[in-house]
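Trainee: To start, I am sharing the structure in question, which I have written as structure tokens.
Numbering (UniProt numbering), first residue to last: 1 to 679.
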């Protein structure tokens with residue numbers, strides 16, 4: 001302007017809070033004046049359009065012109081501001097003014113809403129249905145919700161007067177739409193409290209999918225993070241219906257669910273997934289061999305046919321007790337506390353390695369009683385499944401079945417500790433990596449040295465149970481295939497190479513595929529943070545290497561600071577007795593927070609939190625599916641997707657939900673949409 005350069009000044013925002021500036025037009029505007037300009041035009045009082053259409057650009061006299069625009073109390077600017085304030089204030093809305101509520105009406109409304117919310121709270125915490133088998137919005141069922149309201153009314157005169165006697169129109173709060181809004185408010189407040197507890201911390205997601213009773217594919221999502229106390233927390237945030245389980249569809253559903261929680265994906269530092277197409281269990285890998293697959297089918301059939309009736313289960317227990325007594329009489333059974341207890345056949349589960357291990361153990365221990373029960377079924381012409389029992393009786397009394405039984409029991413016994421560890425909610429990835437390494441070492445050792453020991457145990461078992469033992473030097477005769485096309489191999493070569501070595505090699509390959517060289521390097525570097533045995537695994541260079549996996553958190557300057565900090569950190573840790581007895585990085589993180597050292601060694605603590613948020617397994621997600629089977633039952637299969645997700649959030653995270661006040665829930669319920677009554 002003239003010989004001087006002038007521009008809009010940012011400090012003007014502080015003096016004139018209503019001001020807005022357009023970079024594109026290099027001009028100042030007032031949105032409220034623009035919003036209500038039409039109302040003023042109709043009254044012939046529109047005034048200048050500088051702050052509504054053209055934009056103000058006279059920067060030399062900016063503040064002076066701004067004050068002139070604001071004007072006196074009754075100016076158009078101040079009227080526009082008041083109009084906007086009235087618009088945003090629900091209590092000023094036309095619906096509210098027309099009702100002209102009295103104070104008593106507000107009190108009655110609050111009593112009514114509190115009673116409805118108390119019923120909602122109880123049913124959600126217990127995982128109970130609201131309206132019986134049909135909980136759709138068109139349902140006419142009354143169910144538990146009405147019964148609870150009636151119960152409250154019988155014990156509270158105010159509730160009875162408001163809900164059932166003096167105001168029958170208030171029964172609309174029993175309608176499914178109102179229940180749905182209340183449930184959604186409860187779930188939203190629960191998730192908000194979880195997000196608040198995270199305090200913008202780094203987090204990982206754990207995802208799995210499963211079918212509900214309506215045969216709809218549901219994807220469950222949990223968040224894993226480290227809270228302010230240094231504790232690892234896993235929280236359920238909802239289920240999402242997915243029409244397809246391809247990676248693109250799952251990614252879209254995950255982003256939609258995460259965005260609804262107002263979390264930033266920039267804080268995401270780990271992902272854990274499960275499912276048959278993404279992560280096959282060791283049992284599933286073994287089942288890739290047709291003979292092992294046939295064996296597991298036979299074992300499962302044995303469990304099912306004997307467990308099909310109470311009479312057969314009783315017969316199995318009686319035969320087991322009889323065998324124990326006979327063995328004790330000939331002094332051929334070890335006795336002592338916890339030994340020779342009554343047991344039963346356990347059913348396998350495809351998502352749990354150790355469930356298959358337990359099944360094989362029970363068949364191994366109860367083999368003779370199982371044979372006797374199958375013989376009893378075959379001999380009794382009145383029994384169902386007679387033909388199936390006869391087939392199973394022949395199959396299990398073969399050397400092939402016993403060899404498969406001992407081989408898979410042997411292999412799954414090695415991985416059993418790893419399986420249990422990966423299903424622990426509080427497992428950290430350093431311990432998991434150590435268990436994986438031990439499993440791989442043991443499997444390799446068994447592969448190289450233990451075939452003859454296994455064969456000896458199988459032969460002894462077959463001898464005790466009158467099962468024919470083939471000569472290992474004879475030619476192997478395949479069952480169910482043409483002998484002319486069969487490869488000429490000995491029995492020993494078949495059982496050692498085609499079964500023993502092949503199955504173990506598949507287990508090793510699967511473990512190596514899950515833990516690639518990059519992953520292994522990451523985890524081995526992470527293991528140097530372990531405080532076990534007074535920080536014996538500490539290695540500064542590996543820890544620095546671990547930090548380099550996170551360039552967003554550790555630039556070159558931060559890495560130098562971390563290197564300097566690590567020197568003082570290890571001296572401090574090894575000289576303080578309260579850190580000498582820690583076992584894992586989970587304990588270490590909590591102790592650092594409790595002693596205030598998380599602030600002193602801030603870079604080390606940051607590394608610990610990054611290590612702790614990495615998911616080890618998705619067992620917590622599978623527990624969510626167990627809860628889904630409680631909330632959505634075959635008799636309650638008409639739940640909407642949002643109703644199901646909200647109900648699960650409250651049911652699973654009931655400890656969080658119990659910390660939320662009725663006032664917060666009612667406020668959210670009231671703000672969801674305009675209500676005729678006001679709080």
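Quick reminder that beta carbons are idealized off the backbone N, C-alpha and C, glycines included.
Looking at C-alpha atoms only, which residue of 51, 659 and 209 is the closest neighbour of residue 219?
Mentor: Counting from one through the chain shown, the residue named residue 219 turns up at place 219. That would be 209, whose Cα lies nearest to the Cα of residue 219.
Trainee: State the DSSP-derived secondary structure class of residue 600, mapped to helix, strand or coil.
Mentor: One-based indexing of the chain shown puts residue 600 at position 600. Correct three-state label for residue 600: helix.
Trainee: What alpha helix (DSSP H) runs, 4 residues minimum, are completely inside the stretch 287-315?
Mentor: 290-306
Trainee: Going by other Cβ atoms of all chains shown within 10 Å of its Cβ, with 16 needed for buried, is residue 52 buried or exposed?
Mentor: Sequence index remark: in the chain shown, residue 52 carries index 52 (1-based). The residue in question, residue 52, is buried, as its Cβ has 16 or more Cβ neighbours within 10 Å.
Trainee: Taking the C-alpha atoms as reference points, what is the distance between residue 241 and residue 641?
Mentor: The residue labelled residue 241 in the question sits at position 241 within the chain shown. The residue labelled residue 641 in the question sits at position 641 within the chain shown. When rounded, the distance between both Cα atoms is 7 Å.
Trainee: What distance in whole Å lies between the Cβ atoms of residue 393 and residue 405, which are believed to be in contact at a cut-off of 8 Å?
Mentor: Here residue 405 is taken as the residue at index 405 of the chain shown, counted from 1. Here residue 393 is taken as the residue at index 393 of the chain shown, counted from 1. That belief does not hold up - the Cβ atoms of residue 405 and residue 393 are roughly 15 Å apart, past 8 Å.
Trainee: Roughly how many whole angstroms lie between the Cα atoms of residue 658 and residue 569?
Mentor: Residue mapping note: residue 658 aligns to position 658 of the chain shown, counting from 1. Residue mapping note: residue 569 aligns to position 569 of the chain shown, counting from 1. Their Cα atoms are separated by approximately 40 Å.
Trainee: Leaving out five residues before and five after residue 474 in sequence, what residues of the same chain have Cβ atoms less than 8 Å from its Cβ?
Mentor: Translated into positions along the chain shown, residue 474 becomes position 474. Result list for residue 474: 490 and 491, in chain order.
Trainee: Look at the alpha carbon of residue 221 and the alpha carbon of residue 624, and state the distance between them as a whole number of angstroms.
Mentor: Numbered from its first residue, the chain shown carries residue 221 at position 221. Numbered from its first residue, the chain shown carries residue 624 at position 624. If you take the alpha carbons of residue 221 and residue 624, they lie about 9 Å apart.
Trainee: Rounded to whole angstroms, what's the CA-CA distance from residue 595 to residue 321? Just pull it up for me.
Mentor: Here residue 595 is taken as the residue at index 595 of the chain shown, counted from 1. Here residue 321 is taken as the residue at index 321 of the chain shown, counted from 1. The straight-line gap from Cα to Cα measures roughly 57 Å.
Trainee: Residue 299 and residue 363 look like a contact to me (Cβ under 8 Å); what is the Cβ gap, rounded to whole Å?
Mentor: As a working mapping, residue 299 is identified with position 299 in the chain shown. As a working mapping, residue 363 is identified with position 363 in the chain shown. With a Cβ gap of about 6 Å, residue 299 and residue 363 count as contacting.
Trainee: Mind reading off the beta-carbon distance from residue 649 to residue 237? Whole number of angstroms is fine, and I expect it under 8 Å.
Mentor: Residue 649 sits at position 649 when you count from the first residue of the chain shown. Residue 237 sits at position 237 when you count from the first residue of the chain shown. Confirmed, about 7 Å.
Trainee: Here's a check: name, in chain order, each residue in its chain whose Cβ is nearer than 7 Å to the Cβ of residue 504, leaving out the five neighbours to either side.
Mentor: Locating residue 504 in the chain shown gives position 504, where the first residue counts as 1. These residues qualify, in order along the chain: 411, 443, 446 and 447.
Trainee: With 16 as the cutoff for other CB atoms within 10 Å, does residue 88 come out buried or exposed?
Mentor: If you number the chain shown from 1, residue 88 lands on position 88. So residue 88 counts as exposed.
Trainee: Using only the alpha-carbon positions, how far apart do residue 275 and residue 619 sit?
Mentor: By 1-based counting over the chain shown, the position of residue 275 is 275. By 1-based counting over the chain shown, the position of residue 619 is 619. With a pLDDT of only 44 at residue 275, under 50, the local geometry of the prediction cannot be trusted, and no value is derived from it.
Trainee: I'd like to confirm the pairing. Which residues does DSSP put opposite residue 406 in its beta bridges?
Mentor: In the chain shown, counting from the first residue as 1, residue 406 sits at position 406. In the DSSP output, where bridge partners are listed per residue, residue 406 has none listed.
Trainee: May I have the straight-line CA-CA distance separating residue 227 from residue 674, to the nearest angstrom?
Mentor: Locating residue 227 in the chain shown gives position 227, counting from the first residue. Locating residue 674 in the chain shown gives position 674, counting from the first residue. So the two alpha carbons sit approximately 37 Å from each other.
Trainee: Taking the straight line between their C-alpha atoms, what separation do you get for residue 399 and residue 467?
Mentor: For the purposes of this step, residue 399 is identified with residue 399 of the chain shown, where counting begins at 1. For the purposes of this step, residue 467 is identified with residue 467 of the chain shown, where counting begins at 1. Taking the straight line joining both Cα atoms gives about 7 Å.
Trainee: Buried or exposed: residue 527, going by 16 or more other Cβ atoms within 10 Å of its Cβ?
Mentor: Translated into the one-based positions of the chain shown, residue 527 becomes position 527. By the neighbour-count rule (16 or more Cβ atoms within 10 Å), residue 527 is buried.
Trainee: At 3 residues or longer, what runs of the beta strand (DSSP E) sit wholly inside the stretch 233-257?
Mentor: Listed in chain order, the beta strand (DSSP E) elements of length 3 or more contained wholly in the stretch 233-257 amount to none.
Trainee: Could you tell me whether the stretch 557-576 touches the stretch 522-539, using the rule of 3 or more Cβ pairs below 8 Å?
Mentor: yes
Trainee: Whose C-beta lies closer than 8 Å to the C-beta of residue 33 among residues of the same chain, with five residues either side of it excluded?
Mentor: Taking the chain shown and counting its residues from 1, the one referred to as residue 33 is at position 33. Closer than 8 Å at Cβ, skipping near neighbours: 51, 52, 76, 77 and 80.
Trainee: Candidates 610, 304 and 83: which alpha carbon is nearest residue 225's?
Mentor: The count along the chain shown starts at 1 and reaches residue 225 at position 225. The shortest C-alpha separation from residue 225 is found at 610.
Trainee: For residue 489, does the three-state DSSP call read helix, strand or coil?
Mentor: If you number the chain shown from 1, residue 489 lands on position 489. Looking at residue 489 - three-state DSSP - the assignment turns out to be coil, as it is neither helix nor strand.
Trainee: Can you round the beta-carbon distance between residue 598 and residue 230 to whole angstroms, since I take them to be within the 8 Å contact cut?
Mentor: Here residue 598 refers to the residue found at position 598 of the chain shown. Here residue 230 refers to the residue found at position 230 of the chain shown. About 7 Å separates the two Cβ atoms, so the contact holds.
Trainee: Which stretch, first to last residue, makes up the beta strand (DSSP E) that contains residue 681?
Mentor: Residue 681 is absent from the structure shown; the chain starts at 1 and stops at 679.
Trainee: Which value, in whole angstroms, describes the spacing of the CA atoms of residue 553 and residue 605?
Mentor: Reading the chain shown from its first residue, position 553 is the one you call residue 553. Reading the chain shown from its first residue, position 605 is the one you call residue 605. Looking at the two C-alpha atoms, the distance is approximately 12 Å.
Trainee: Need the endpoints of the beta strand (DSSP E) that residue 220 sits in, please.
Mentor: Mapped onto the chain shown, residue 220 falls at position 220. 217-226 is the extent of the beta strand (DSSP E) around residue 220.
Trainee: In the DSSP output, which residue or residues are listed as bridge partners for residue 273?
Mentor: Indexing the chain shown from 1 puts residue 273 at position 273. DSSP output for residue 273 lists 207 as bridge partner(s).
Trainee: Name the residue from 645, 372, 457 and 453 whose alpha carbon lies nearest to the alpha carbon of residue 212.
Mentor: Taking the chain shown and counting its residues from 1, one reaches residue 212 at position 212. Comparing Cα positions, the closest option is 645.
Trainee: What separation, rounded to the nearest whole angstrom, lies between the Cα atoms of residue 471 and residue 459?
Mentor: For the purposes of this step, residue 471 is identified with residue 471 of the chain shown, where counting begins at 1. For the purposes of this step, residue 459 is identified with residue 459 of the chain shown, where counting begins at 1. C-alpha separation (whole angstroms): 11 Å.
Trainee: Quick one, are the C-beta atoms of residue 542 and residue 524 less than 8 Å apart?
Mentor: Position 542 of the chain shown, counted from the first residue, corresponds to residue 542. Position 524 of the chain shown, counted from the first residue, corresponds to residue 524. In this structure, residue 524 lies closer than 8 Å to residue 542 by Cβ.
Trainee: Which whole-angstrom value is the C-beta distance of residue 385 and residue 305, which I expect to be below 8 Å?
Mentor: Locating residue 385 in the chain shown gives position 385, counting from the first residue. Locating residue 305 in the chain shown gives position 305, counting from the first residue. With a Cβ gap of about 6 Å, residue 385 and residue 305 count as contacting.
Trainee: Once the 5 residues before and after residue 500 are set aside, which same chain residues still bring their CB inside 6 Å of it?
Mentor: Stepping through the chain shown from its first residue, residue 500 is reached at position 500. Here the set comprises 451.
Trainee: Helix, strand or coil: how does DSSP classify residue 475 here?
Mentor: Within the chain shown, numbered from 1, the residue matching residue 475 stands at position 475. Strand.
Trainee: Look up residue 20 in the DSSP assignment and give the residues it is bridged to.
Mentor: If you number the chain shown from 1, residue 20 lands on position 20. DSSP output for residue 20 lists 29 as bridge partner(s).
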